[in-house]
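Asker: Just passing along the structure, written as structure tokens.
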Amino acid sequence: MAIKNHHINTIISALSNVTLGIYLAIAIALSILAILSLYDVALLILEVFTTKNTTLGVLAVLHALLVTIIIIELLDTVTLYFKTNRLQVTPILIAAMTAMVRRILTFGVEPVEAADVALTIVAILVLTIAIVYIGKQERRFGSDRAEGE
Numbered sequence: 004m005a006i007k008n009h010h011i012n013t014i015i016s017a018l019s020n021v022t023l024g025i026y027l028a029i030a031i032a033l034s035i036l037a038i039l040s041l042y043d044v045a046l047l048i049l050e051v052f053t054t055k056n057t058t059l060g061v062l063a064v065l066h067a068l069l070v071t072i073i074i075i076e077l078l079d080t081v082t083l084y085f086k087t088n089r090l091q092v093t094p095i096l097i098a099a100m101t102a103m104v105r106r107i108l109t110f111g112v113e114p115v116e117a118a119d120v121a122l123t124i125v126a127i128l129v130l131t132i133a134i135v136y137i138g139k140q141e142r143r144f145g146s147d148r149a150e151g152e
């Protein structure tokens, strides 16, 4: 029985190392994307000064900035996984909220169906409720841990 448990533990350890390797590859890819995205923001800012339609230029910069924020939040999720060995949900929800804000910014530029606007508002409401709920849970469990120590 001890030999069987040893084999199972070896397999679990190997799978855990594969997971860590995948998360490391994701972190590297997200880091590269964040740098490229920030470079894109810088180019778009320079472009604002040369474009005739400043409003569209500013919106393009905002879109690029929000994409950069989404990438950074995802990178933060991976980084927190390395620190805690747990997948944190809050940064993912914040990235989703940022994506919804980015979507709202396009509403003034592109023609949009009323249903799209309504669904985006509902998504923002659900994400907000989720972020608040998870924040309360984290504070509650955090205070429970502090009392137990």
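Residue 4 is where the sequence shown starts when you use my numbering, and the numbers rise one by one after that.
In this text, a Cβ means the ideal position worked out from N, Cα and C, and glycines have one as well.
With 16 as the cutoff for other CB atoms within 10 Å, does V21 come out buried or exposed?
Answerer: Within the sequence shown, numbered from 1, the residue matching residue 21 stands at position 18. By the neighbour-count rule (16 or more Cβ atoms within 10 Å), V21 is not buried but exposed.
Asker: Here's the rule I'm using: 16 or more other beta-carbon atoms within 10 Å means buried, otherwise exposed. How should A28 be labelled?
Answerer: Here residue 28 refers to the residue found at position 25 when the sequence shown is read from its first residue. Classification for A28: exposed.
Asker: Could you tell me which whole alpha helix (DSSP H) segments of length 4 or greater appear in the region 33-120?
Answerer: Runs found: 57-87 and 93-110.
Asker: Classify I75 as buried or exposed, calling it buried when 16 or more other Cβ atoms lie within 10 Å of its own Cβ.
Answerer: Position 72 of the sequence shown, counted from the first residue, corresponds to residue 75. Label assigned to I75: buried.
Asker: Exposed or buried, what is T101 when buried is set at 16 or more other beta-carbons lying within 10 Å of its beta-carbon?
Answerer: The sequence position of residue 101 within the sequence shown is 98, counting from 1. It is buried - the Cβ of T101 has at least 16 other Cβ atoms within 10 Å.
Asker: If V92 and I35 are in contact, beta carbons under 8 Å, what's the gap, nearest whole angstrom?
Answerer: Position 89 of the sequence shown, counted from the start, is the residue given in the question as residue 92. Position 32 of the sequence shown, counted from the start, is the residue given in the question as residue 35. Actually they do not touch by this definition, with Cβ atoms about 25 Å apart.
Asker: How many angstroms separate the CA atom of Y84 from the CA atom of T54?
Answerer: Along the sequence shown, one-based indexing puts residue 84 at 81. Along the sequence shown, one-based indexing puts residue 54 at 51. Answer to the nearest angstrom: the Cα atoms are 42 Å apart.
Asker: With 16 as the cutoff for other CB atoms within 10 Å, does V125 come out buried or exposed?
Answerer: Taking the sequence shown and counting its residues from 1, one reaches residue 125 at position 122. Under this definition V125 is an exposed residue.
Asker: When the Cα of V51 is compared with those of A67, L39, I38 and A32, which residue comes out closest?
Answerer: Start at 1 with the first residue of the sequence shown, and residue 51 comes out as number 48. Nearest C-alpha to V51: A67.
Asker: Kindly indicate which residue of A117, T13, V61 and I97 has the alpha-carbon position closest to the one of L131.
Answerer: As a position in the sequence shown, residue 131 is number 128, starting the count at 1. Position check: residue 131 holds Thr in this sequence, whereas Leu was assumed. The candidate whose alpha carbon is nearest that of T131 is I97.
Asker: For P94, is the classification buried or exposed, using 16 other Cβ atoms within 10 angstroms of its Cβ as the cut-off for buried?
Answerer: Walking along the sequence shown from the start, residue 94 turns up at place 91. Buried is the call here.
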